[in-house]
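Okay, structure first, notes after.
Protein chains: 2
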Amino acid sequence: MASAGNQTKELEKDKASFVQLCNPNIATLKEDVLYHFGLSTSTHDLPAMFGDVKFVCVGGSPSRMKAFIKYVSSELGLGRPGEDHPNICAGTDRYAMFKAGPVLSVSHGMGVPSIAIMLHELFKLLYHARCSGVTVIRIGTSGGIGLEPGSVVITRQSVDARFKPEFEQVVLGKRVVRRTDLDEQLVRELSECAEGLREFTTVVGNTMCTLDFYEGQGRLDGALCCYTEAEKQAYLQAAHTAGVRNIEMESSVFAAMCSACGLRAAVVCVTLLDRLEGDQIRSPHEVLAEYQQRPQRLVGHFIRKCLAGA
Amino acid sequence: MASAGNQTKELEKDKASFVQLCNPNIATLKEDVLYHFGLSTSTHDLPAMFGDVKFVCVGGSPSRMKAFIKYVSSELGLGRPGEDHPNICAGTDRYAMFKAGPVLSVSHGMGVPSIAIMLHELFKLLYHARCSGVTVIRIGTSGGIGLEPGSVVITRQSVDARFKPEFEQVVLGKRVVRRTDLDEQLVRELSECAEGLREFTTVVGNTMCTLDFYEGQGRLDGALCCYTEAEKQAYLQAAHTAGVRNIEMESSVFAAMCSACGLRAAVVCVTLLDRLEGDQIRSPHEVLAEYQQRPQRLVGHFIRKCLAGA
Chain W
1 MASAGNQTKE
11 LEKDKASFVQ
21 LCNPNIATLK
31 EDVLYHFGLS
41 TSTHDLPAMF
51 GDVKFVCVGG
61 SPSRMKAFIK
71 YVSSELGLGR
81 PGEDHPNICA
91 GTDRYAMFKA
101 GPVLSVSHGM
111 GVPSIAIMLH
121 ELFKLLYHAR
131 CSGVTVIRIG
141 TSGGIGLEPG
151 SVVITRQSVD
161 ARFKPEFEQV
171 VLGKRVVRRT
181 DLDEQLVREL
191 SECAEGLREF
201 TTVVGNTMCT
211 LDFYEGQGRL
221 DGALCCYTEA
231 EKQAYLQAAH
241 TAGVRNIEME
251 SSVFAAMCSA
261 CGLRAAVVCV
271 TLLDRLEGDQ
281 IRSPHEVLAE
291 YQQRPQRLVG
301 HFIRKCLAGA
Chain P
1 MASAGNQTKE
11 LEKDKASFVQ
21 LCNPNIATLK
31 EDVLYHFGLS
41 TSTHDLPAMF
51 GDVKFVCVGG
61 SPSRMKAFIK
71 YVSSELGLGR
81 PGEDHPNICA
91 GTDRYAMFKA
101 GPVLSVSHGM
111 GVPSIAIMLH
121 ELFKLLYHAR
131 CSGVTVIRIG
141 TSGGIGLEPG
151 SVVITRQSVD
161 ARFKPEFEQV
171 VLGKRVVRRT
181 DLDEQLVREL
191 SECAEGLREF
201 TTVVGNTMCT
211 LDFYEGQGRL
221 DGALCCYTEA
231 EKQAYLQAAH
241 TAGVRNIEME
251 SSVFAAMCSA
261 CGLRAAVVCV
271 TLLDRLEGDQ
281 IRSPHEVLAE
291 YQQRPQRLVG
301 HFIRKCLAGA
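As you go down the protein sequences, you meet chains W and P in turn. The first sequence begins at 1 in full-length UniProt numbering and counts up one residue at a time. The second sequence begins at 1 in full-length UniProt numbering and counts up one residue at a time.
Right, dumping it as structure tokens:
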């Protein structure tokens, strides 16, 4: 339990850490339609619905994010036993969103553009709801490099396909490059949680974010492929030398946008295969299902520790 | 009805137009797991399931693609009345896939990476199923430039955020640029169908494909925005001058990949708003729902004509 002094300190920290947008236009909008969530400031009371959110966990698959809210809700005693968690974005099939107490769980689909749309609308939602002291964690799947399948990687730096910690996008026809910094302290806290759990191998390493799953990650089994096995291996080895331990498709814009809006953020992904050994994901369904629970267990444990210490 | 001579000609054309992959490795695989479809060559008889496919329609939203298969099935008399169309990819929630006779309807999520994963696995599926004479059409939603909302755009060329007909990706750390050609004859055929229908405004124009919905399309209402209304308008006007009539997020890689694999392809998108007038999609739900049926009606009409002439 926290002392009264600690609680006051936390409240002050919270006040200083209201979610900030990098866009002065939003404050002047009469109505803000969060189109891909099927929510709007004129039809939904966002402060009442989301004002208490402190942890947002995001991941590609809607069913996995529903499983996560059930898991944290029951493990952390956040709701009534057997309580259902309806999809808050039921008016659209672009994303799914679930809530239990201070935890929000949102799906983001696959790839940088898909997660970027979601993050724009999520940050506006948190802003309109006047949330403060929010931590955002991506819990995902990835391909590992030189790791036993099922290992979990906590991302130190998200790097691009040339191993640079940068996210490049085109704004009004011009290239804009943003940094992909993640919160170092949060990496340490999550790493300590993994050590406490001792349930599976967890490493801290760089995560390569690509715009394609097949050619973009050097796979030999896409519909298109114009390089050899040797060239693929050389590329993956170069990535490993640059500190890359896993490859996925969302971390760069996630890190860049969270950092731009002052949100504490982390990326925790399980590796479904070792890309040095192959390209296809062939493990049995039950094995993959268990792997996918690992980031959930680690982040659930982290949230429990935070709530106990609050 | 076609004459016997025409039918023979069609069969010969079909033989010459088996779906081709640009990857010699696939023919040598013992098993090919189409991971994001939840299908595999060792667990599913792909030629029996998909061998008769001639039209593949793809779109972002799973529910819209389910609505499309219901629509073409009933309009074209492809199935028994009231027949259900189960999701062929029910084992995963990454994509949804439905089939009625020679028509396959597949969702692809939002953005270039999401549709690219789907297309890699779709083309491998069509190859394993030994399909021939396949036409692929994206039916989607978009933002218009200088068009009344609800107008339908048939894409002449897919262009990037600098209005070039190119798709750039990174393969083994190196930039690769591919052309984004679409089938000119198919554009004409679809345009004729629209003239025959006379149900809504349809234009042929260039389609700009971006990697982001907010900053990437010059919106002023994202979580981040570092430009003015005047700069936005100048950019959209420059796009209009370059022949761009709508903006979406998948056409470039769709055109590049279909072209690389020799598939006849088209992009037909409805515009949900005029971006010269604003950024937010504020039309009532029923209006937007009717707009979204327009590409379905046009492409349904096109498929009917093709089947009647076959």
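Glycine is no exception: its CB is placed at the ideal position from the N, C-alpha and C atoms.
Sequence-distant residues of its chain with Cβ nearer than 8 Å to S3/W (five each side left out): With a pLDDT of only 49 at S3/W, under the threshold of 50, the placement of this residue in the model should not be trusted; the figure read from the coordinates follows. For S3/W, there are no CB contacts under 8 Å within the same chain when 5 residues up- and downstream are skipped.
Please return the same chain residues whose Cβ sits closer than 8 Å to the Cβ of G109/W, not counting the five positions on each side in sequence. Sequence-distant partners of G109/W (beyond 5 residues in either direction) whose C-beta falls short of 8 Å from its own C-beta, in its chain, are G60, R94, Y95, I115 and M118.
Tell me, please, whether the CB atom of A260/P is closer than 8 Å to any CB atom in chain W? Chain W, which has a Cβ nearer than 8 Å to the Cβ of A260/P, makes this yes.
Strictly below 7 Å CB to CB, what residues from chain P border E231/W? When 7 Å is used as the limit between beta carbons, E231/W is near these residues of chain P: L172, in chain order.
For chain P, find out if any of its Cβ atoms is closer than 8 Å to the Cβ of K124/W; answer yes or no. Interface residue, yes.
Within 10 Å of its beta-carbon, does Q157/P have 16 or more other beta-carbons around it, so buried, or fewer, so exposed? Burial call: buried.
Identify every residue that forms a DSSP beta bridge with A266/W. Paired residue(s): I137/W.
Who are the Cβ neighbours of T135/W in its own chain at under 6 Å, not counting the five residues just before and after it? Only residues of its own chain outside the window of five on either side were considered, and among them F55 and R264 have a CB closer than 6 Å to the CB of T135/W, listed in chain order.
Ordered along the chain, which non-local residues of its own chain (more than five positions away) have a Cβ less than 6 Å from that of Y214/P? Closer than 6 Å at Cβ, skipping near neighbours: G222.
Quick test of your reading: R138/P and A256/P, contact by CB under 8 Å. State the CB separation rounded to the nearest angstrom. The Cβ separation is near 13 Å, so there is no contact.
Using a Cβ-Cβ cutoff of less than 6 Å, which residues in the same chain neighbour G309/P once the five nearest sequence positions on both sides are dropped? Excluding sequence neighbours, G309/P sits near nothing in its chain.
Between the alpha carbons of L125/W and T28/W, how many angstroms are there, rounded? About 15 Å.
Quick one: what does DSSP say A67/W is sitting in, helix, strand or coil? A67/W carries a helical assignment under DSSP once its states are collapsed to helix, strand and coil.
Mind pulling the chain P residues with CB within less than 8 Å of M249/W? Per Cβ cutoff of 8 Å: P113.
How is E215/P classed by DSSP in three states: helix, strand or coil? Per DSSP, reduced to three states, the secondary structure at E215/P is helical.
Measuring CB to CB, does residue 312/W end up less than 8 Å from L190/W? The shown model of chain W, from 1 to 310, leaves out residue 312/W, and the question about it has no answer.
Check L276/P in the structure and name its three-state DSSP category. Note: L276/P maps to coil in three-state DSSP.
If you follow the beta strand (DSSP E) that M156/W is in, where does it begin and where does it stop? The amino acid at residue 156/W is misidentified as Met; the sequence shows Arg. Element bounds for R156/W: V152 to V159.
For S252/W, would you say it is in contact with chain P, using Cβ-to-Cβ distances shorter than 8 Å as the test? So no, S252/W is outside the interface.
Quick check on DSSP: helix, strand or coil for V299/P? In the three-state scheme derived from DSSP, where H, G and I count as helix and E and B as strand, V299/P is classed as helix.
Classify S63/P as buried or exposed, calling it buried when 16 or more other Cβ atoms lie within 10 Å of its own Cβ. It is exposed - the Cβ of S63/P has fewer than 16 other Cβ atoms within 10 Å.
Determine, using beta carbons only, whether A260/P and L224/W come nearer to each other than 8 Å. In contact: A260/P and L224/W (Cβ atoms closer than 8 Å).
Terminal residues of the continuous alpha helix (DSSP H) containing G109/P? Counting along the chain, G109/P falls outside any alpha helix (DSSP H), and DSSP gives it neither H nor E.
Along the chain, where does the beta strand (DSSP E) that runs through residue 336/W open and close? Not covered by the structure: residue 336/W. The range shown for chain W is 1 to 310.
Tell me, please, whether the CB atom of Q293/P is closer than 8 Å to any CB atom in chain W? With 8 Å as the cut-off, Q293/P does not count as an interface residue toward chain W.
Closest by C-alpha distance to S17/P, when choosing among Y127/P, E75/P, K70/P and R188/P: Nearest C-alpha to S17/P: Y127/P.
With burial defined as no fewer than 16 other Cβ atoms inside 10 Å of the residue's Cβ, what is the status of P102/W: buried or exposed? Buried, by the Cβ-count rule.
Ignoring anything shorter than 4 residues, give me the alpha helix (DSSP H) runs that lie fully in the region 31 to 95 of chain P, in order along the chain. Taking 4 residues as the minimum length, the alpha helix (DSSP H) runs contained wholly in the region 31 to 95 of chain P are 46 to 50 and 62 to 75, in order along the chain.
Pull up the CB-CB distance for R294/P and V270/P, whole angstroms please, since I reckon it's below 8 Å. With 8 Å as the limit, R294/P and V270/P qualify as a contact, their Cβ atoms being about 5 Å apart.
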